[in-house]
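One structure is given below, encoded as structure tokens.
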Amino acid sequence: MKHYLLSLLLFLLCWRAYAQEIVQSPLVEKYATSYMNLARSQAAIFNGDEQKKYPRTPNDPYLKSQEYTMGRLSYNGVLYPDVRLRLDLCRDELVALSPNYQDIVLSSEKIDFAELHNYRILYLSPGQLPDCPFSGFYILLYSGSCMVMEKRSFSLELREGQSTFIPSVKYYIYKDDTYLRVRNKRSLLKALGDYRRELAQYIRHSNLRFRSDAEKMIVEVMKEYERLHEQ
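Next up, the structure:
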């Protein structure tokens, strides 16, 4: 169906060029011009491989949704403000929807950052930040004198005779040129040990719980840590 629509559009473009003296269609001209302008302005993005299909599963491995969402993309130093994107957390691939409706895998090393679903996404590797735990896409949760990053992933496993995606999440604090893994409240306080007592009190008074909302707890504690650090 997608290829049919593209072929139809190309046919209409050619038909307009050779039969303009017979009939003109403002609607065809409008959409044909829009398509050509979009394809030219974003051509550098859509020269990658097409995403491979997954087997049928009861869930999907994408950030928030397998549906594309309009996002911002900084790619090879150029900012593209309106690109339809989705983040594959199993293969660790950022995928863009091309103007002819192909699922194009973007070159990870050329991605400066992406913004989708109100998250800022970074591709990190040991060459970009020293001692990076492993290469891949990270969600930047907080950025100040320290950074808080979240690494989400899915693994495709066979359970009870059916393929399904199993999620996992890891949290890291980048502090003093070192990545510190945060597994629970204890490891969080250990990472920010110079204000351990004050932060433990802040966690109690703020009723923060790692198990119920680890993302919120780590970010709020980091903000309080930096406030104390600046006093």
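Residue numbers (the numbering used here): 339 to 569. From the three backbone atoms N, C-alpha and C, an ideal C-beta is built for every residue, glycine too.
Residue i classed as buried or exposed, judged by whether at least 16 other C-beta atoms fall within 10 angstroms
i, result
"glutamate 562", "buried"
"tyrosine 461", "buried"
"serine 550", "exposed"
"proline 505", "exposed"
"methionine 560", "buried"
"valine 421", "buried"
"phenylalanine 570", "No answer is possible for residue 570: the residues shown for the chain start at 339 and end at 569."
"threonine 496", "This sequence places leucine at residue 496; threonine is not what is there. So leucine 496 ends up on the exposed side."
"arginine 431", "Position check: residue 431 holds glutamate in this sequence, whereas arginine was assumed. By the neighbour-count rule (16 or more Cβ atoms within 10 Å), glutamate 431 is buried."
"leucine 411", "buried"
"methionine 555", "buried"
"arginine 571", "The displayed coordinates of the chain run from 339 to 569. Any statement about residue 571 would go beyond what the structure contains."
"leucine 417", "exposed"
"valine 507", "exposed"
"alanine 382", "exposed"
"aspartate 387", "exposed"
Host beta strand (DSSP E) of residue i (start-end)
i, result
"tyrosine 574", "In the structure as shown, the chain begins at 339 and stops at 569. Residue 574 is therefore absent and cannot be evaluated."
"arginine 524", "No beta strand (DSSP E) holds arginine 524; the alpha helix (DSSP H) holding it covers 523-529."
"tyrosine 461", "457-462"
"leucine 496", "485-497"
"leucine 518", "516-520"
Local conformation of residue i per DSSP, three classes
i, result
"tyrosine 429", "For the record, residue 429 in the displayed sequence is arginine; it is not tyrosine. Three-state result, arginine 429: coil."
"glutamine 623", "There is simply no residue 623 to check, as the chain begins at 339 and stops at 569 in what is shown."
"tyrosine 509", "strand"
"leucine 435", "strand"
"alanine 381", "coil"
"serine 446", "helix"
"aspartate 532", "helix"
"serine 501", "strand"
"glutamate 562", "helix"
"serine 412", "strand"
"glutamate 405", "coil"
Okay, do the stretch 501-515 and the stretch 392-401 touch, 3+ Cβ pairs below 8 Å being the bar? yes
Is it a yes or a no for the stretch 509-519 touching the stretch 477-494, going by three-plus beta-carbon pairs under 8 Å? yes
Would the stretch 437-450 count as touching the stretch 528-546 if we require 3 or more Cβ pairs under 8 Å? no
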